[in-house]
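>
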Amino acid sequence: MLSIVLLGTGNLAKHLFDELKDKGNIKIKQVYGRNKKALSYFQKDALTTTNFNSIEEASIYIIAVSDDAITTVSEGLINKKGVLTHTSGSVAISALPSSARRGVFYPLQTFSANRVVNFKEVPICVEAENNKDLEVLKKLASSLSGKVLEVSSSQRKDLHLAAVFVNNFTNHLYQIGQEICEKSQISFSVLGPLILETALKIKTLSPQEAQTGPAIRNDNGTIEKHMKSLQNKNHKDIYSILSNSIQKTHGKKL
Ligand SMILES: NC(=O)c1ccc[n+]([C@@H]2O[C@H](COP(=O)([O-])OP(=O)(O)OC[C@H]3O[C@@H](n4cnc5c(N)ncnc54)[C@H](OP(=O)(O)O)[C@@H]3O)[C@@H](O)[C@H]2O)c1
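Under my numbering, residues 823 to 1076 are what the sequence shown spells out, in order.
1. Between the C-alpha atoms of K843 and L861, what's the straight-line distance to the nearest angstrom?
2. Just to confirm, is the Cβ distance from I884 to L956 under 8 Å?
3. How would you write the range of the beta strand (DSSP E) that A950 sits in, first residue to last?
4. Can A963 and V970 be called in contact, C-beta distance under 8 Å?
5. To test your reading of the DSSP string, which unbroken beta strand (DSSP E) runs of 3 or more residues are found completely within the region 864-894?
6. Ignore the nearest five residues each way along the sequence and tell me which others in H802's own chain have a CB closer than 6 Å to its CB.
7. Under three-state DSSP, which class holds T932?
8. Assuming L838 and A891 form a contact by the criterion Cβ under 8 Å, report the distance between their Cβ atoms to the nearest whole angstrom.
9. Where does L1076 sit, in a helix, a strand or coil, going by DSSP?
10. Straight-line CA distance for H994 to I1063?
11. Just reading off the beta strand (DSSP E) that E972 is part of, what are its end residues?
12. Any heavy atom of ligand 1 closer than 7 Å to the Cβ of V895?
13. Just to confirm, does Q808 get its C-beta within under 7 Å of one of the non-hydrogen atoms of ligand 1?
14. Use the C-beta contact count for R937: other C-beta atoms within 10 angstroms, 16 or more gives buried, fewer gives exposed.
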């Protein structure tokens, strides 16, 4: 049986808690949060505390707090015997205290409130400093997901950077698309099938093969019309940078 103390009460902490609380081989002993109200979500199924001095002993401590708070929170756990892990894509394992059994437990997915995620499909990137701790983290990860990967801090940093491009930037482009639709009183939902197909086709095509649009076709007349239609300077800059990047990647000049 693996015992867990979860630190943090935000998006990821809630998703992990909901996934782990009913697993037979896992016991969430306690949830720590600095905000008493936020702990009410966890109270029915685990002990909760706002007091750092009353944190229980556990096999694994999962520190699911904001990236900037990981070091401070982990320093309060230096006397614990279990493996101290954080859950961030961009923070190195060395951000945890060197005297501790250090590890990383990074689920590569976007977690938001009120969105159910199929954890079985979520790649979980684990890192530890010795085989014994790695096995403990792999055991926890495999109880959640069929995709467990051993990833170093340096690889994880690059993975997270790539994830920002494919997820955060793409989502921002959706927002720009929505604003453009709204200006013309068209429902953004009309673009839904296009968005889905764009995401699904990279299952069988490389991004290079899947690229379409005026920039790769070198349709400069269309590009000029689009640039004229755009009134927001920020949107113009983004359109121009991305079109240039597509043309450079595919060997043509804008
Ligand atoms: N959400 C995702 O999609 C996702 C995916 C993979 C990995 N992660 C990683 O998971 C971690 C948590 O992210 P999240 O999205 O769950 O963030 P979040 O929803 O913003 O929650 C952040 C949590 O950190 C707590 N916190 C912040 N500073 C603290 C401090 N000094 N002491 C104690 N608690 C503190 C907050 O407490 P208060 O409520 O009191 O402010 C809150 O419970 C981050 O390292 C993030 O990189 C997130």
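Quick reminder that beta carbons are idealized off the backbone N, C-alpha and C, glycines included.
Considering the structure as presented:
1. Distance between the alpha carbons of K843 and L861 is about 15 Å.
2. No, they are not a contact pair.
3. Segment 946-950, the beta strand (DSSP E) holding A950.
4. Their beta carbons are under 8 Å apart, which means A963 touches V970 by this criterion.
5. List check, beta strand (DSSP E) in window: 869-871, 882-885.
6. Within the shown structure, residues of the chain are numbered from 823 to 1076, placing residue 802 beyond reach of any answer.
7. Looking at T932 - three-state DSSP - the assignment turns out to be coil, as it is neither helix nor strand.
8. Taking 8 Å as the upper bound for CB-CB distance, L838 and A891 are not in contact here, some 17 Å apart.
9. In this prediction, L1076 scores a pLDDT of 47, lower than 50, which makes its location untrustworthy; the coordinate-derived value is nonetheless stated afterwards. Correct three-state label for L1076: coil.
10. Looking at the backbone, the Cα of H994 and that of I1063 are separated by about 15 Å.
11. Segment 970-972, the beta strand (DSSP E) holding E972.
12. Yes, ligand 1 has a heavy atom inside 7 Å of this Cβ.
13. Any property of residue 808 remains undetermined from this structure, which presents the chain solely from 823 to 1076.
14. With fewer than 16 neighbouring CB atoms inside 10 Å of its own CB, R937 falls in the exposed class.
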